Amino acid sequence: MFFPENMENKTAVIIGAGIGGIATSVFLARAGYSVKVYEKNPFPGGRCSQMIRDGHRFDMGATIYLMPSVYKSVFEAMGLKVEDCFEALPLKTIYTVYFGDGTAIPFSTHADIMQPQLEKTEPGSYKKAQQYVATGYGLFKMAMDKLLGRNFERLFDFVTPGNALLLLKLKTYMRHVDYVRKFFRHPHLRKAFTFQNIYVGQDPYRAPALFTMLPAAELTEGSLCPAGGMYRITETLISAAEKLGVQFFYGKPVVRIIVNGNKAEGIVLHDGESIKTDIVIANADLPYVYRELLPDKKVSAKIDKLKYSCSAVVMHWGLDKAYPQLGHHSVFLSTSYRKNLRRIFRGKSLADNPSFYVHAPSRTDPSAAPAGGDTLSVIIPSGHVDLRKPQNWSGLQHKARIAVLNRLKKLGLTDIEEHIKFEFTYLPGDWKSTFNLSRGATFGSLAHSIFQMGYFRPQNRHRRYRNLYFAGGSTHPGNGIPLVLLSAQLTTERILKENPNRQQ
């Protein structure tokens, strides 16, 4: 990234110290901006924060280090080398997918781990899987180069004959579940190679085949575990930012963006203090910013009508016994898989017998739990908060907890409940209140669909207030830490392009 000279007197205020906000602060500070970041919570990281209790360390949001090539690229653009910032521990088995009939399929970049079970499930399927992954990784690279890794500032940057052909090549016209049928007959394999849509809050039965790139990227680039947890990414970026002079202010909610004419002049904090600045970057949830911090009620109403991603019920357990039956990442798919998804995406609720994922970080990083103990996080995808379909989330969580424990007992964790020393839970409403996530949509408020990508996703600069920018999951390019890091880079590129080296 090109950094202009002589920008010492320019100031930037960032609302929110999530990954997107912190990374943007690094980029801007390197360009000579004086940067201040205001965060509502007493801690940084947003959904890449952590909780430590009695020696148990929990990642509070993201738990999977995917697409290491994107991390490497964005970190290098910030003048950092990932390998110098933190130790990334490789996972030989990325995760194991468990089915209701007792079948388990390990996902791995190592053929000797993955091939036997695929062939046992469906003879000839390993070769098909290789074809599926090769095609999907091609889509990943094409999407990064042509769709996700560049700005679309005008409609006709996006709507071109070339991009129309690109969208066909990216298989945006076909559903993921229809595409996977071209490769596998067995329902277990079809589910195992499409459930990853949940990573970005999508329904696998409605998501475009473009998102074949998710399992393909996993099985091509592998998955890593930062020693110290995903929060090490946050700590690394905070350290880099502070070395560049960035100032962070915690426990400082922003209640309003000051606007005048076509310009954002600054922000107002909850205590009434006003902060004037040349540039405002909102890393807070984009729909929240339009709804609560700006006077654009018509625009906010329009954004409110967009499609939103799902939420999650998360249970964090500190245990006084270790359970080696569980790997670092374990995915349990329900026997009522499709019914589960309907309850999530149509009913905006949670099934009594849900699919879920278990994160056991001490398998790879022993520092995540005390000796002889275990640290487990159970993530259950759920509907987001919908006032038209109110739910008894506490009651739903109680039923789901029973189902989870029963499923784990079938794996041999027969006494797990009596060894839970403590637990704390996040419900959809908690995501909404803690992180200002609209509708408690844990995976990033706005969903991915063909009409919510590229130029059609909310822009990373406000249409009217031309010095107000956005970084994070609900602007271009989208959800998930790799894309949020990329968002910070793209937003900064636009800021530097539109604000050349002149004093304001």
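Under the working numbering, residues 4 to 507 are what the sequence shown spells out, in order. Ideal Cβ placement from N, Cα and C applies to all residues, glycine included. Computed from a predicted structure; not experimentally measured.
- Taking a contact to require three or more Cβ pairs closer than 8 Å, the stretch 286–299 and the stretch 448–460 qualify as touching.
- Annotation: G269 is outside any alpha helix (DSSP H); the continuous beta strand (DSSP E) that includes it extends over K266 to L272.
- For G165, the number of other beta carbons within 10 angstroms of its own is below 16, and it is reported as exposed.
- Here the stretch 232–248 lies against the stretch 69–89, with 3 or more beta-carbon pairs under 8 Å apart.
- When DSSP states are grouped into helix, strand and coil, K75 belongs to the helix group.
- Spatial neighbours of R410 in its own chain (CB-CB distance under 7 Å, excluding positions within 5 residues in sequence) are listed in chain order as F335.
- Under DSSP, V487 shares a beta bridge with no residue.
- Counted as a single uninterrupted DSSP element, the alpha helix (DSSP H) harbouring Y129 occupies residues S128 to A146.
- Going by C-alpha positions, G21 is about 13 Å away from L489.
- Nearest neighbour of R460 by Cα position, chosen from H479, D433, H191 and S72, turns out to be H479.
- Shown here for I306: same chain residues with a beta carbon closer than 6 Å to its own, the five before and five after excluded, namely P290 and Y293 in chain order.
- Bounds of any beta strand (DSSP E) do not take in E125, whose DSSP letter is neither H nor E.
- Proximity of the stretch 22–35 to the stretch 261–268 falls short of the contact definition, fewer than three beta-carbon pairs being nearer than 8 Å.
- Taking the C-beta atoms as reference points, V381 is found nearer than 8 Å to F359.
- Relative to the Cα of H362, the nearest Cα in the group R60, I116, N200 and M147 belongs to R60.
- Contact check for Y208 and R178: beta-carbon distance about 7 Å, within the 8 Å limit, so the pair qualifies.
- The secondary-structure analysis by DSSP pairs R56 across a beta bridge with H59.
- In this structure the stretch 386–396 lies against the stretch 427–444, because at least three pairs of beta carbons, one per stretch, are closer than 8 Å.
- A315 counts as buried, since at least 16 other C-beta atoms from the protein chains shown sit within 10 angstroms of its C-beta.
- From the listed residues A230, A195 and G48, the smallest Cα separation to L217 is found for A195.
- Annotated as proximal: T215 and T138, with beta-carbon spacing under 8 Å.
- Under the three-state reduction of DSSP output, A374 falls in the coil class, being neither helix nor strand.
- M233 sits in coil when the DSSP states are folded into three classes, being neither helix nor strand.
- Rounded to whole angstroms, A212 and F186 show a C-alpha spacing of 13 Å.
- For the stretch 155–241, the continuous alpha helix (DSSP H) assignments of 4+ residues that do not extend past its boundaries occur at 158–161, 164–172, 179–183, 190–195 and 216–224, in sequence order.
- Residue pairing by DSSP places K39 opposite V16 and Q250 in a beta bridge.
- The beta carbon of D206 sits closer than 6 Å to those of L344 and F348, all from its chain and outside the five residues before and after it, given in chain order.
- Under the 8 Å Cβ criterion, the stretch 189–204 does not count as touching the stretch 168–177, having fewer than three qualifying pairs.
- Bridge pairing for K279: G269 [DSSP].
- Within the same chain, K95, T96, I97 and M117 come within 7 Å of S111 by CB-CB distance, once the 5 residues on both sides are set aside.
- Beta-bridge pairing by DSSP links I382 to V317 and Y360.
- With a cutoff of 8 Å on beta-carbon distance, Q394 and K351 are scored as near each other.
- The distance from the Cβ of K324 to that of H422 is about 4 Å, consistent with a contact at the 8 Å cut-off.
- The shortest C-alpha to C-alpha distance from H331 to any of S312, A372 and K300 is the one to A372.
- Between R259 and L227, the C-beta spacing is not below 8 Å.
- Comparing alpha-carbon positions, the option among P93, Q462 and V407 lying closest to V317 turns out to be V407.
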